[in-house]
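All the letters of the sequence shown, read from the start, carry residue numbers 651 to 1238 under my numbering. Ideal placement from N, C-alpha and C gives every residue a C-beta, glycine not left out. Since the structure is predicted, the reported quantities are computational estimates derived from the model, not experimental observations. Below: the structure, in structure tokens.
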Amino acid sequence: MARDRKPPPSNSDPNWDRTVRMFQAGAPEFVDAVRLRVNGAVLAPFAETWYTDPRVEAKRLLFAYLERPFNSPRHEPLVKRIFKFAEAAGDDAVMARFLVGFDRTIRRHRVTKQKYNSRRRQYEQYETVATRTDTTLSREDRAYTGPWFAQNREQFVAGKFLFSVATRNYLRRRAWRYFRRLGRAAPDRYVPAVCTALKLYTDADVPDGVALLDNWGLVHVLFHHSPTLEARASGWRVATGGSLSRLQPDPMFRKLWLRGAEPIFDLLVNARCATVARWAMMMLRRNFPDRLARVELSELLMWIGSPNPVLNELALDLLETRGGLESMSIEDWLTVAESARPELLDRICVVVARVVKPEAVNFANAVRLAMQRPVPLARLGFLFLQGKKPVTHPERVAVFGLRNAAADPVRVDLVKWACGVLSEQPDFDPLWVLEFLDSRFNDVREVGWEWLQSDARARDSVLVWQRLLESPYDDIRLRLVGMLEDRAKEPAGLSKYSPESVRLLWASVLLNVHRGSRAKPFVVRQIIDRLSAHPDEAGELLPMVAVALRSVRGPEFRAGLAGITNYVTKYPTRKPLVEAVFPELKWE
């Protein structure tokens, strides 16, 4: 430490003066400003000024500084002196932040090394975990004086920390030593002190198993006596034959933790690290199950919408075994489901289906559920719709809306149900089938076509067919050609349909270059028949025949050509019109 106790430089630094004024004003910007300062000789004496300042603002700024990464160049004197002041003063809150901060400075990685096997006389490779040696910030002042550092500061400090790896290992052990001694000398302070630290850990501190073991203090607090782990000078390791999947809560000073459930419950609710929250959940289930049983229903529902996955799972576990949920309305459950993560919806819907009776769900809410994009909610809505029928006009409109259901796997079942209940309506309107035949979804149009075919009221409606002739969808138009082929054989033929609509259908099929090869021969025959029956429509029909004959082959082509020949024979005055449309034909 003697190396750090240098007098401040005699010349005044305007940047430092501005930083000090921010500190005196208690400005939040002070933390960013002081982290930019790289003059260790100035920062060292400021440590005592900062730590001994009795103002609440000064303590708040100190907490904010210590919760940032320890990667501000040349801050070694400031950090070490504040650490020693807090340790000597027994400052649990500041030491909690040092415990977390120093835990974050060591991260080991899986590496492949080799060693010499003297018996086999060869090198052998093996995997281990080790801390990279290039993670230490330089302590040379000249490294931070050039313009390159000022312009690329974030790049320079990324992945690096104050102090050497060995010193960081020592500091995190020393920070934990403070709490170990605290548990023995002042047991009443131990649990509140370490809880302060535990709430500061985040999921980013424990992305995987190796990172968990790198948190020296965290593992001591939660798993100190676990037979699954063993402590080494370089860090925690999994014991021989052990596995992190079998890791169970086994904290140091276990008797202190068992004095009461509230500190553990507070960790469960407020921890920002899933590892800490899961540890708290397991401790409560094992030692304080009655505390979990006393959780209010309203709080459990809030837990379902929490970003903490541990709270989500625990809330659903408790709800699945709790009685009295019948008092909740479907509106309440909808609110819960809308705030929950998608992966929880299956379990939520199981609970809702168990406690909510279908007759308690009105028609509008059942449809609202069925229209949801998450499949579990849509299936739940479909379940509640069973046995219901639309009575009012708004309910009928809601049934039509099912053609736009967002959940693909459930949409067909919903539409089939909708077609069924609409068919049973006493004031059935054949035009209702068009609501589904005009859907943007192919699977809905398939169901709509089945409904059209199976319901004679819709199938025999001229108005329905006239509307269908204007359909923009290929799959509907091509099927209509086949249906028109059958209708043409009836006594009235196609006379009951609008000629313009029929011609539009024929033209759309003939001009389709991607689909309709099977339907085009029927179109040729229908056009020829129409031409023979209505010669005055030759101006509109002959161009379509020309297109048709260029689109078919074999017998259909010959039949079409024969039809044109018969037309000219029957109506010789129309021959010039035919020659204009078919200039390639030779007449003898």
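Gly833 CB to nearest heavy atom of the ligand MN below 8 Å: In the structure on display, the ligand MN does not appear, and there are no ligands present to speak of.
Neighbourhood of Ile1126 by C-beta, 8 Å cutoff - its chain only, sequence neighbours within 5 removed: Leu1087, Arg1095, Trp1099 and Leu1118
Cβ neighbour criterion (16 or more within 10 Å) applied to Glu1009: By the 10 Å Cβ count, Glu1009 comes out exposed.
Every unbroken beta strand (DSSP E) within the stretch 751 to 827, with a cutoff of 3 residues, ordered by chain: 758 to 767 and 772 to 781
Beta-carbon separation (whole angstroms), Ala1016 vs Leu994, contact threshold 8 Å: With a Cβ gap of about 21 Å, Ala1016 and Leu994 do not count as contacting.
Exposure of Leu1081, with buried meaning 16 or more beta-carbon neighbours within 10 Å: exposed
Own chain residues within Cβ distance below 6 Å of Ala1108, not counting five before or after: Within the same chain, Cβ atoms closer than 6 Å to the Cβ of Ala1108 are found at Pro1080, Val1083, Leu1102 and Val1114, the five residues on either side in sequence being excluded.
Val1002, enclosing alpha helix (DSSP H) - first and last residue: Counted as a single uninterrupted DSSP element, the alpha helix (DSSP H) harbouring Val1002 occupies residues Leu995 to Val1005.
Where Val1094 sits in the DSSP three-state scheme: helix
Touch test, the stretch 686 to 693 against the stretch 758 to 771, Cβ-Cβ under 8 Å, three pairs minimum: no
Given Tyr715 as reference, the closest of Leu686, Ala816, Gln775 and Asn1012 once Cα atoms are compared: Leu686
Meets three-Cβ-pair contact criterion under 8 Å: the stretch 1025 to 1032 and the stretch 1042 to 1050: no
Residue nearest to Arg1061 in terms of C-alpha spacing, selected from Leu862, Leu1072, Val1097 and Ala808: Taking only the C-alpha atoms, the option nearest Arg1061 is Val1097.
Alpha-carbon to alpha-carbon, Pro1233 and Tyr1221: 18 Å
Between the CA atoms of Val684 and Val729 - distance to the nearest angstrom: 12 Å
N-terminal and C-terminal residue of the beta strand (DSSP E) that Ala885 is part of: A small correction: the amino acid at residue 885 is Gly; Ala does not occupy that position in the sequence shown. It spans Gly885 to Val888 - the beta strand (DSSP E) in which Gly885 sits, taken as one unbroken run.
Collapsed DSSP secondary structure at Leu879 in the structure displayed: strand
Closest Cα partner of Leu711 within the set Thr669, Thr783, Val1025 and Leu961: Thr669
Residues that DSSP places opposite Arg922 in a beta bridge: According to the DSSP secondary-structure assignment, Arg922 is paired through a beta bridge with Thr852.
Buried/exposed call for Arg904, threshold 16 Cβ in 10 Å: exposed
Cβ-Cβ distance between Leu951 and Val986 below 9 Å: yes
Cα-Cα separation, Thr781 to Ile756: 7 Å
Val1041 classed as buried or exposed, judged by whether at least 16 other C-beta atoms fall within 10 angstroms: Here Val1041 is exposed. Its C-beta has fewer than 16 other C-beta atoms within 10 Å.
Short Cβ contact (9 Å threshold) for Val613 with Ala847: Outside the displayed range of the chain (651 to 1238) lies residue 613, so it cannot be described from this structure.
The alpha helix (DSSP H) enclosing Tyr701, as first and last residue numbers: Gly690 to Thr702
DSSP-derived helix/strand/coil call for Leu1144: Residue placement at Leu1144 cannot be trusted, given a pLDDT of 47 that sits under 50; what the coordinates show is reported in the next sentence. Leu1144: coil per DSSP, three-state reduction.
Under the three-state DSSP convention, the category Gly859 falls into: helix
DSSP three-state assignment for Val945, whether helix, strand or coil: coil
Helix, strand or coil at Gly1213 according to DSSP, with G and I counted as helix: Helix, per DSSP.
Span of the alpha helix (DSSP H) around Val960: Pro959 to Thr971
N-terminal and C-terminal residue of the alpha helix (DSSP H) that Trp866 is part of: Trp866 to Phe873
DSSP-derived helix/strand/coil call for Arg935: helix
Buried/exposed call for Tyr1257, threshold 16 Cβ in 10 Å: Given that the chain is displayed from residue 651 to residue 1238, the structure contains no residue 1257 and the question cannot be resolved.
Beta-carbon spacing of Asp753, Tyr828 below 9 Å: no
Rounded straight-line distance, which links the Cα of Ser979 to that of Gly1070: 28 Å
DSSP-derived helix/strand/coil call for Lys1039: coil
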